[in-house]
Amino acid sequence: MKPAGWPRYMREKRLAGGATAYFWEPPGIYRKAGLALRAEPLGRDYAAAVTRAEILNAEVDAWRKGRGGEKVPQGVGTLRWCFHVYQTESLSWRENVSERSRGEYARNLRMIAEMPLERPARGLATVGDLPLAAITPAAADRIYSRLRVKRIEREVDGRQVVEEVPRLRQAHLALDIARRAWSVVARVQPEHFPKTPAGFVAQPFHGIERIRSPRKVKPAATLEEAYALAAALRDMGHPHLGAAALIAFEWVQRPENILAGWIRWTDYAPGERAMILHHKTGERVEHPLSDEDGSPLYPELEAWLADLDVLGVSIVLQVGARGPGKGKPRPYDPKQAAGFVRQARKAAGLGDHVTLDACRHGGLTELGDAEVTEAEGMATSGHKTPSAYRGYVKRTAAQRLSAARKRRAWRESGG
């Protein structure tokens, strides 16, 4: 018996050496009626053969429906159409994908849609051109295998060499977004999507066996490194960017939010509180700046802010040095800010790990060293889930020492 999902018109043949090869051949009656496709060998790899057969079968279906009309499914019913509808017509895109994330989502969907077919069919050049019926689980597995590596051509000793660089995290993100797009559009336009034997809309991007990404721990800057970076930026003439490093550390705010102008003078009451909107999560957090007895909680940061010129509503701004905005306040471009940070840490003799992002990681790790509870840390950081918060709190020697002290005290107390 043939396994479930065996494509129409595909057959297997035992070769002389004992290996199995696959072939595709449409019915002769179709060829006599004008079908341009002919029999084709599909190779020895079963998954690749299934993917190719599904593509050819979709061509046959298009021919049967049109009989001389449009045979190339470039419009409605293709994977590119599905991605387009998701981004332009779905409520999920408008309400659940933030402005900050939409560019990244679109890039990942394009990466799949513009992936060249390994064996192009007539009128089909990219994965996005394929009809949805051709995106079988086997095809999705093949898409994943190609997403996992990036092929880079470079010249070595006068000859071109192709190097394959792993990109597992990128591949997993692209799959997740594609799965969401498929599910969202299939819910409102199910007539264009393939069905399972039970009659449900198929979801080929679900259940793919993934290769686990090696976990890389992002470095965290120490308190001393954060303030040294800020001082070096101030010496370069960028005290507001220095404030960004300190705000990232002390108020554990995302650098992109700081540079985008979400930390504002209007939300800051010296010695009282700072209202911070975590734009990624939508959480609005009030940071107390003094204790109940009036003792300052962030005296170093507040002293720094007191010395800054107020250039606009946003705290972190710069005065334009050139172009149409010369002499006027404007935000730092992220790439520009990263360049200034590199110069500053070099001048201060700091390691390459010291970035604005590392300052935020350092502030969150300091919360762990201070033995705050998980609830207290999440209330400070604005994270919505414990798992997201835990990823920022690095395991440190200070935490291990604290654990050992508590364990010893418990033992000496008689348990």
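Residue numbers (our numbering): 5 to 419. Positions of the beta carbon are idealized from the N, C-alpha and C atoms, including for glycine. It should be emphasised that the depicted structure is a prediction, and the values quoted were computed from it without experimental measurement.
1. Roughly how many whole angstroms lie between the Cα atoms of R111 and R152?
2. Does the distance from the C-beta atom of T140 to that of T55 stay below 8 Å?
3. Tell me whether A407 sits in a helix, a strand or coil according to DSSP, three-state version.
4. In chain order, what are the residue ranges of uninterrupted alpha helix (DSSP H) at least 4 long that sit wholly in the stretch 317-376?
5. Which whole-angstrom value describes the C-beta separation of R342 and P223, a residue pair presumed to lie in contact below a C-beta threshold of 8 Å?
6. At what residues does the alpha helix (DSSP H) containing L293 begin and finish?
7. Please list the terminal residues of the continuous alpha helix (DSSP H) segment that includes V169.
8. Can you check which of these residues, A43, K36, G395, is closest to P30 by C-alpha distance?
9. Would you give the residue range spanned by the beta strand (DSSP E) that R15 belongs to?
10. Can you find the residues in the same chain that come closer than 8 Å, C-beta to C-beta, to V480, ignoring five residues on each side of it along the sequence?
11. What did DSSP end up calling K398 once you bin it into helix, strand or coil?
12. Taking only the alpha-carbon atoms, compute the straight-line gap between L405 and L371 and give it to the nearest angstrom.
13. May I ask you to report which of helix, strand or coil DSSP gives M115?
14. Counting Cβ pairs, one atom from each stretch, are 3 or more of them under 8 Å apart for the stretch 196-203 and the stretch 120-138?
15. According to the Cβ coordinates, are L233 and A348 closer than 8 Å?
16. List the DSSP bridge partners of L281.
17. Along the chain, where does the alpha helix (DSSP H) containing P303 start, and where does it finish?
18. Give the range of the beta strand (DSSP E) segment to which G47 is assigned.
19. Spatial neighbours of A278 within its chain, please: CB distance less than 7 Å, with the 5 preceding and 5 following residues excluded, ordered by chain position.
20. Name the DSSP bridge partner or partners of R268?
21. Taking C-alpha atoms, which residue in Q91, W269, K398, R258 lies nearest to R106?
22. From M240, K410, R346, A225, pick the residue whose C-alpha is nearest to that of V397; which is it?
23. Straight-line CA distance for F27 to E118?
24. Are there 16 or more other CB atoms within 10 angstroms of the CB of N61, so buried, or fewer, so exposed?
25. Which residues does DSSP list as the beta-bridge partners of K154?
26. Please classify R412: does DSSP put it in a helix, a strand, or coil?
27. Roughly how many angstroms lie between the CA atoms of A235 and W308, to the nearest whole one?
28. Closest by CA to I212, which one among E159, A182, F253, P194?
29. Have a look at Q257 and S217 and give me their C-alpha separation to the nearest angstrom.
The answer reads as follows:
1. Answer to the nearest angstrom: the Cα atoms are 16 Å apart.
2. Yes, these two residues count as a Cβ contact at 8 Å.
3. Looking at A407 - three-state DSSP - the assignment turns out to be helix.
4. Segments of the alpha helix (DSSP H) lying fully in the stretch 317-376: 338-352, 360-373.
5. Note on residue identity: the sequence assigns Ala, not Arg, to residue 342. A342 to P223, Cβ: 15 Å. No contact.
6. DSSP places L293 in no alpha helix (DSSP H); its state is neither H nor E.
7. For V169, there is no enclosing alpha helix (DSSP H); the enclosing beta strand (DSSP E) covers residues 163-170.
8. Each of A43, K36, G395 was checked against the Cα of P30, and the nearest Cα belongs to A43.
9. Residues 14-18.
10. Residue coverage of the chain in this structure runs from 5 to 419, which leaves residue 480 outside it and unanswerable.
11. In the displayed model, K398 falls within coil according to three-state DSSP, outside both helix and strand.
12. Taking the straight line from one Cα to the other gives about 15 Å.
13. Helix at M115.
14. The way I'd put it, the stretch 196-203 does touch the stretch 120-138; three or more beta-carbon pairs between them come closer than 8 Å.
15. Result yes, Cβ atoms of L233 and A348 sit closer than 8 Å.
16. According to DSSP, which records beta bridges pairwise, L281 is partnered with R288.
17. For P303, the enclosing alpha helix (DSSP H) begins and ends at 303-310.
18. Segment 44-47, the beta strand (DSSP E) holding G47.
19. Cβ within range, chain order: W255, D271, Y272, H291, L293.
20. The partner list for R268 (beta bridge, DSSP) reads S318.
21. Of all alpha-carbon atoms in Q91, W269, K398, R258, the one lying nearest the alpha-carbon of R106 is that of Q91.
22. For V397, the closest C-alpha among the options M240, K410, R346, A225 is that of A225.
23. Cα to Cα, the separation comes out at about 27 Å.
24. It counts as buried.
25. Paired residues: V169.
26. Look at R412 here: in three-state DSSP terms it is helix.
27. In this structure, the CA atom of A235 is about 10 Å from the CA atom of W308.
28. Measuring from the Cα of I212, the nearest candidate turns out to be A182.
29. Cα-Cα distance, rounded: 27 Å.
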